[in-house]
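Sequential numbering of the sequence shown, starting at 8, is according to our numbering. No residue lacks a Cβ here, since even glycine has one placed at the ideal position from N, Cα and C.
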Amino acid sequence: MPNHEIIAAARPNAEWWRTAVIYQIYPRSFADGNGDGIGDLPGVTSRLESLADLGIDAIWFSPFFKSPQKDAGYDISDYKQIDPLFGTNEDLEELLAKAKSLGIRIIVDIVPNHTSDQHAWFQAALAAAPGSAERDMYMFREGKGENGELPPNNWQSIFGGPAWSRVTTADGTPGQWYLHMFDSSQPDLNWENPKVADEFDEVLRFWLRKGVDGFRVDVAHGMVKRAGLPDATIYDENLRERSIEGMTMAEAEEAVPYWGQSGVHDAIRRFRRVLDEFDDRAFCAEASMSPLPRLAMWVRPDEYHQSFNFDYMHCAYEPAALKKIITDSIVEYGKVGASSTWVLSNHDGIRHATRLGIAPENTPRPGDGIHPTDPMPDEALGLRRARAATAFMLGLPGSSYLYQGEELGLPEAWQLEGKYRQDPTYARTNGERVGRDGCRVPLPWEADATASNGFNTTGESWLPQPANYRVFARNLQTGVPGSTLELYKRLLKERKAFGLGAGEFRWAEEYQDKNTLAYINNGVLVICNFGPDAVVLPAGELLVSTQHDVELTREIEHDQTVWIKL
Ligand code: GLC
Ligand code: CA
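As structure tokens, then:
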């Protein structure tokens, strides 16, 4: 790429979601209003000012709908009800009204790939006969083998073990099998059945009428399966999926017949038509698709507005790799008129303050968590790098997703004992994969206020906070120069002031050497030093630094990012 080439033009008056900083709330773990140890909506409402103060534009809520909570709410038994665990309709009304008054938009999570096995549709399907309309809402099939004793194909659940479970009929004999790409309590819906699409149109309208500003769509890459449900062809000896790298799109669709099928786009367009019945709403896909040109198909003008950028999240902390993925993201999304998104942490992965302190060769696979026998992360280095990585991300054009607690620099709670672990992955693999609970531990608000550091007033906590969470409590960071919280606030403030979300972007090779990466967005120079040796701080007004001694030394040290107004 030649010097000075502008790869994103400024976009004045961009729609809000193109530039928004969206904060993910994992309701179980944000704040607990009634003290039962599980976060809830009144808890969120009571803490909303702190998010306004942080400077975010919108909140995305992981599901708070009616659910047996087998997969922490991603197993929904009624899409139009709030689970009593999280509160009531009135609690939500109150939350929405307060968010509105603070200028914060609200995005909710929609889970169309599967329901809970307790959903009325699935209960009716179990009670009905094979071949019935009720069973056709889901993916029921006869088993293979002489007496149907073998699963219909070789697909494996993402949480471990087979993706099929066999039902028992009323007379006690084994019956058909049903597909569940996740836990056996999460049967996959049949999106070839128009009745399923009809039902979801109404679910979307229901929440849009309540005034939510948009949806995050769960497992958007999985809704439609390949016709005939053929075997997957790319498992390794442990029946874990191998990479589709280097395959054409057609080959990838064949190799992984349950993800990324082209048939899904009709379902997406239908979703989008419903969303467009309402003004100014946003649609974000959790589409685990790679590489970027393939993912860009999910965000064509009549499909989703945006999609999570998992290639960026999983990218090595290394200048050349990051430069490539950032350029590709802006260019590939740009080709279809979409803006890029950026993300470093969420409720399914290891918090980046810890992940970046793990050597690349020791990094667990996504969704696996840190196992007690894994090498210990370097937490000081991880936090330093996390601050540098976040500052580098928040200067980029496009929207950024933050995960609750990262603004505190919160590490992964990788020490959690097995007895506390609730992620279905843990049980389904007999603890071989510890799963995702380590990033889901409740937040510390006030150090020592209670045993849960102010998560509630009782000290109860559905997952116990490790001892080191105390020092990350919000009250110990508020107003404290150099704290991670104040760093985030400063970044978000300057990002807004300079319009970086929709700015004119180019790489600044004139400020780079082999260990640094630099870009200019709307006249703000952002440099990260990935190497061991300090580099000279360029001239200009220093806006932000991830290490606060930079003014004195006039040097950017290792794993440090600075923003400079040229
Ligand atoms: C998505 C969610 C994850 C959940 C899975 C099944 O990947 O982010 O938390 O377990 O879907 O719904
Ligand atoms: Ca509660």
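At least one heavy atom of ligand 2 lies closer than 7 Å to the C-beta of residue 47.
In the assembly as shown, residue 320 is a buried residue. Its beta-carbon has 16 or more other beta-carbons within 10 Å. Short note on residue 466: C-beta not closer than 7 Å to any heavy atom of ligand 2. For residue 136, the closest C-alpha among the options 147, 126, 127 is that of 147. Between residue 165 and residue 408 the beta-carbon gap is near 21 Å, outside 8 Å, which marks them as no contact.
Residue 520 sits exposed, since fewer than 16 C-beta atoms from the chains shown fall within 10 Å of its C-beta.
In the pairwise beta carbon analysis, the stretch 97-110 is classified as touching the stretch 43-55: at least three pairs are separated by under 8 Å. Our two residues, residue 536 and residue 518, have alpha carbons roughly 11 Å apart in a direct line. Contact holds between the stretch 408-418 and the stretch 475-495, because three or more Cβ pairs, one in each stretch, are under 8 Å apart. Within the same chain, 569 come within 6 Å of residue 552 by CB-CB distance, once the 5 residues on both sides are set aside. In the three-state reduction of the DSSP assignment, residue 121 falls in the strand class, which pools E and B. The beta-carbon separation of residue 411 and residue 33, rounded to 6 Å, stays under the 8 Å limit for a contact.
With fewer than 16 other Cβ atoms from the protein chains shown falling within 10 Å of its own Cβ, residue 249 counts as exposed.
Residue 291 is not a Cβ neighbour of residue 394, given a cutoff of 8 Å. If you draw a straight line from the Cα of residue 388 to the Cα of residue 444, it is about 22 Å long. Short note on residue 43: C-beta closer than 7 Å to some heavy atom of ligand 2. Counting along the chain, residue 78 sits inside no alpha helix (DSSP H), nor does DSSP assign it H or E at all. Between ligand 2 and residue 40, a heavy atom-to-CB distance of less than 7 Å is present. For ligand 1, no non-hydrogen atom lies closer than 7 Å to the CB of residue 419. DSSP places residue 273 in the uninterrupted alpha helix (DSSP H) bounded by 271-282. By the beta-carbon neighbour count (other beta carbons within 10 angstroms, threshold 16), residue 47 is buried.
Taking a cut-off of 8 Å for Cβ pairs, the stretch 178-194 and the stretch 121-134 touch, as three or more such pairs fall below it.
Ligand 1 never approaches residue 375 closely enough for any of its heavy atoms to be under 7 Å from the residue's Cβ. With fewer than 16 other CB atoms across the displayed protein chains lying within 10 angstroms of its CB, residue 372 is exposed. Of all alpha-carbon atoms in 439, 329, 379, the one lying nearest the alpha-carbon of residue 399 is that of 329. Between residue 155 and residue 168, the alpha-carbon positions lie close to 18 Å from each other.
For residue 265, the closest C-alpha among the options 181, 18, 120 is that of 120.
Relative to the non-hydrogen atoms of ligand 1, the Cβ of residue 248 never comes closer than 7 Å to any of them.
Here residue 147 is bridged, per DSSP, to 185. Contact between residue 14 and residue 334 holds, since their C-beta atoms are separated by about 6 Å, short of 8 Å.
A direct Cα-to-Cα measurement between residue 76 and residue 374 gives close to 18 Å. Here the C-alpha atom of residue 403 lies approximately 12 Å from the C-alpha atom of residue 27. Note on geometry: alpha-carbon atoms of residue 424 and residue 162 lie some 30 Å from one another. Short of 8 Å from the beta carbon of residue 433, and not among the five residues preceding or following it, lie these beta carbons of its own chain, in chain order: 425, 440, 441, 442, 444. For residue 54, the secondary structure class from DSSP, reduced to helix, strand or coil, is coil.
Remark: the C-beta of residue 81 is in contact range of ligand 1, defined as less than 7 Å to any heavy atom.
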